[in-house]
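Here the structure is laid out as structure tokens; the discussion comes afterwards.
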Amino acid sequence: MTNAKAETAITPTRAENYQDWYLEVIKAADLAENSTVRGCMVIKPWGYALWENMQRVLDGMFKATGHVNAYFPLFIPLSLLEKEAAHVEGFAKECAVVTHHRLEARDGKLVPVGELEEPLIVRPTSETIIGESFAKWVQSYRDLPLLINQWANVVRWEMRTRMFLRTAEFLWQEGHTAHATEQEAVDETMQMLCVYAEFAEQWMALPVIQGEKTEGERFPGAVKTYCIEAMMQDHKALQAGTSHFLGQNFSKASGIQFQDAAGGVSHAWTTSWGLSTRMIGATIMTHSDDDGLVCPPRLAPQQVVIIPVIQKPEVREQVLAYCNQLKKELEAQTYAGTPVRVHVDARDVQGSKKVWEWIKKGAPIRLEIGPKDIEKDSVFMGRRDKKPKEKAGVPRAQFIATVATTLQEIQDALFQRALALRADNTRNIDSKEEFYAYFTPPPTKNVNDPTPIHGGFAMTHFNGDPKLEAQIKDDLGVTVRCIPLEAGEPGTCPFTGQPSPKRVVWAKSY
RNA sequence: CGGGGCGUAGCGCAGUCUGGUAGCGCACUUGGUUCGGGACCAAGGAGUCGCAGGUUCAAAUCCUGUCGCCCCGACCA
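Sequential numbering of the first sequence, starting at 5, is according to this note's numbering.
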């Protein structure tokens, strides 16, 4: 590090090059790194801890709504996947296929031998393999509903990958349920959408729009797909979670049938819903700044990081003892239903370096504690939602008593900031000209020119024609992110002059 | 799969046009001075220059092939 100190801990900044900034934040916060396996990443402890917190909270929410966890095979026989036509078509192009079950050494190289009679597909999603089980489990209406969730990895062989947003393998949860009636399945679909929205807003401090996908954006095989959509800091939309009403498409494909009270046989109504490690990408792109990651306090792996200031070796023991005692007392406090997560960074590393490391990692609260603080019985606090140098002394007892409140203040501040960004970059647009001007034309051919930050969410009427949506996607790279569930006024589609039931959200997306 | 770029120390890069046997910054190690702070000085460790052929007295550099990665499209959570 030279004397000419960088203004920011991350270069480039968001404004300079948003894409590179994103990757730099991941690196600086030590969340993940690229693996030597094409399109796959290694999730490092700090990133994985974020995911574990997401898992813990979501899992609690799933259980509270009556779901139970189970686990199904990684491999799906080709014939099973073939059963639902739209589903196959949707995923066929991105499947990893296992064709052999043995390796043989030939000329010092290992070559696959022992070809499988039927290829196995590495699950891109588990509707078909779970449907197989459901068909066996369901005989009577008394066996319904089946409310199952699976925490798993899935593989989708994507052409282009981006850490956390799109990798060949990713971690997620997938809920799969089967119901006796259509209404019950529809209710389940909406319930889980609400769970996702609540998780995003309350836990991730991520404001989302709940809505329905257009036909073109629907999950392959679904009757209806619902989603939560969030705005990132470059004003692009990110689909943060999806909930699908599958009708009887998959139950017919898998033979999930039951006998009702009257003795008739019907197919079950199924749903599926998923949320992935992509949410870590959402966290980065929503809250982080030019100094690195900003963790929403409720999900932060460590909520309070104590950095002992040890100038002379002789004070070391005293300072560390004070810090450890403080940690203990803080851990006796609870925030968002769990003991406050506190870490004492006692490494033999220069203090200033530690401070910047924890800023880049996004720890919500930093405490720098040395002999002077001990003397005054106070703590020197920095908050990640404020500037790095904006630090102040707080009486120790007061800090402990208010730590939960302070964390919630940060949580709220992050949510409000994200909400304001979305509000500032959402516009009602009623003419084709304004719409086209709002969005950047397709990126220039200049490879060194990072995509500029333009546009945002356009709330514009739409007659629902898939061809029109395709045309706009072609022209601008903009699609309908969702048809909001929230009530809206009817109007006129500015592209066709035809009537439109309500405004829909148009944006560029990840 | 189309267009562009790049593989040289852990990371970021220079050197390639004009072949002469590898360098810079950061990081790391050690010693010292500093220090409520992203410090400074000194010494040090670390690279068969992506891989395979070829040309040459001599290849990171030229030629051929090959593998991989990144970016921009098409596709997508």
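Here a beta-carbon is modelled for each residue, glycine too, at the ideal position from N, C-alpha and C.
Since the structure is predicted, the reported quantities are computational estimates derived from the model, not experimental observations.
So if DSSP puts residue i in a beta bridge, which residue, or which two residues, is it bridged to?
i: Asp293; result: Gly296
i: His104; result: Glu119
i: Ser276; result: His180, His248
i: His271; result: Gln261
i: Ile310; result: Val348, Leu371
i: Gln315; result: According to DSSP, which records beta bridges pairwise, Gln315 is partnered with nothing at all.
i: Asn432; result: Met463
i: Ile152; result: Val72, His180
i: Cys327; result: Partner(s): none; Cys327 has no beta bridge.
i: Ile363; result: Per DSSP, none; premise fails for Ile363.
i: Thr483; result: Ala511
i: Ala109; result: Leu114
i: Phe384; result: Glu372, Gly397
i: Gln243; result: Glu233
i: Ser504; result: Gly495
i: Asn38; result: Met45
Compare the beta carbon distance of residue i and residue j with 9 Å and say whether it is the shorter of the two.
i: Leu297; j: Ala33; result: yes
i: Tyr339; j: Gln307; result: yes
i: Pro3; j: Glu98; result: Nothing can be reported for residue 3, as the shown portion of the chain is limited to 5 through 514.
i: Ile515; j: Leu82; result: Not covered by the structure: residue 515. The range shown for the chain is 5 to 514.
i: Ala234; j: Thr281; result: no
i: Ala156; j: Gly43; result: no
i: Pro301; j: Val92; result: no
i: Ala189; j: Ile232; result: no
i: Asp377; j: Arg18; result: no
i: Pro498; j: Phe461; result: no
i: Glu56; j: Pro375; result: no
i: Val269; j: His248; result: no
i: Phe254; j: Glu88; result: yes
i: Val46; j: Glu37; result: yes
i: Thr181; j: Tyr230; result: no
i: Gln187; j: Phe66; result: no
i: Val323; j: Ile369; result: no
i: Tyr514; j: Gly285; result: yes
i: Ser276; j: Gly179; result: yes
i: Ile260; j: Gly135; result: yes
i: Leu423; j: Phe403; result: no
i: Leu489; j: Gly215; result: yes
i: Ile373; j: Ile414; result: no
i: Ala401; j: Asp428; result: no
i: Leu169; j: Ile133; result: no
With residue i and residue j assumed to form a contact (beta carbons below 8 Å), what rounded beta-carbon distance in angstroms separates them?
i: Gln243; j: His271; result: That belief does not hold up - the Cβ atoms of Gln243 and His271 are roughly 29 Å apart, past 8 Å.
i: Lys358; j: Asp352; result: Not quite, the Cβ-Cβ distance comes to about 10 Å (not below 8 Å), so this is no contact.
i: Arg431; j: Met463; result: 7 Å
i: Phe262; j: Leu62; result: Incorrect: roughly 29 Å between the Cβ atoms, too far for contact.
Of the choices the options, whose alpha-carbon is the least far from that of residue i?
i: Pro123; options: Glu372, Ala74, Ile80; result: Ile80
i: Leu418; options: Asp293, Ala340, Glu379; result: Asp293
i: Ala12; options: Trp50, Ala422, Ala424, Trp360; result: The sequence as given places Thr at residue 12; Ala does not occur at that position. Here the closest residue by C-alpha is Trp360.
i: Glu379; options: Arg42, Gly397, Asp24; result: Gly397
i: Gly468; options: Leu114, His239, Thr496; result: Thr496
i: Leu537; options: Asn38, Ala511, Gln59, Phe439; result: There is simply no residue 537 to check, as the chain begins at 5 and stops at 514 in what is shown.
i: Val484; options: Ser137, Glu37, Thr218, Arg146; result: Thr218
i: Lys436; options: Trp510, Tyr145, Ile311, Gly245; result: Trp510
i: Gly366; options: Gly341, Thr287, Ile404, Pro343; result: Thr287
i: Lys471; options: Phe95, Val323, Ser39, Gly220; result: Gly220
i: Ser130; options: Ala325, Pro116, Ile152; result: Ile152
i: Thr274; options: Leu423, Ala139, Pro503; result: Ala139
i: Gly278; options: Gln195, Asp416, Tyr145; result: Gln195
i: Leu27; options: Phe439, Phe403, Lys364; result: Lys364
i: Leu148; options: Cys198, Val346, Phe384, Asp264; result: Asp264
i: Gly51; options: Phe66, Leu62, Met65, Leu35; result: Leu35
i: Arg345; options: Gln354, Leu330, Ala96; result: Leu330
i: Glu394; options: Lys31, Met385, Gln475; result: Met385
i: Ile487; options: Lys477, Asp479, Ile476, Phe466; result: Phe466
i: Phe95; options: Phe76, Ile134, Val158; result: Val158
i: Ser137; options: Leu150, Arg146, Tyr145; result: Leu150
i: Asp479; options: Arg507, Gln402, Lys512, Arg160; result: Lys512
i: Ile213; options: Ala491, Thr500, Ser504, Pro505; result: Ala491
i: Asp416; options: Arg388, Arg400, Asp428; result: Arg388
i: Val482; options: Val508, Phe443, Thr500; result: Phe443
i: Gln154; options: Pro505, Asn73, Lys240, Asp24; result: Asn73
i: Glu493; options: Thr500, Arg507, Ala266; result: Arg507
i: Thr103; options: Glu119, His347, Leu114, Val115; result: Glu119
i: Gln412; options: Cys327, Glu333, Cys299; result: Cys299
i: Gln354; options: Lys390, Arg320, Cys327, Val313; result: Val313
Between the segment 41 to 55 and the segment 160 to 171, can you find at least three pairs of beta-carbon atoms closer than 8 Å?
yes
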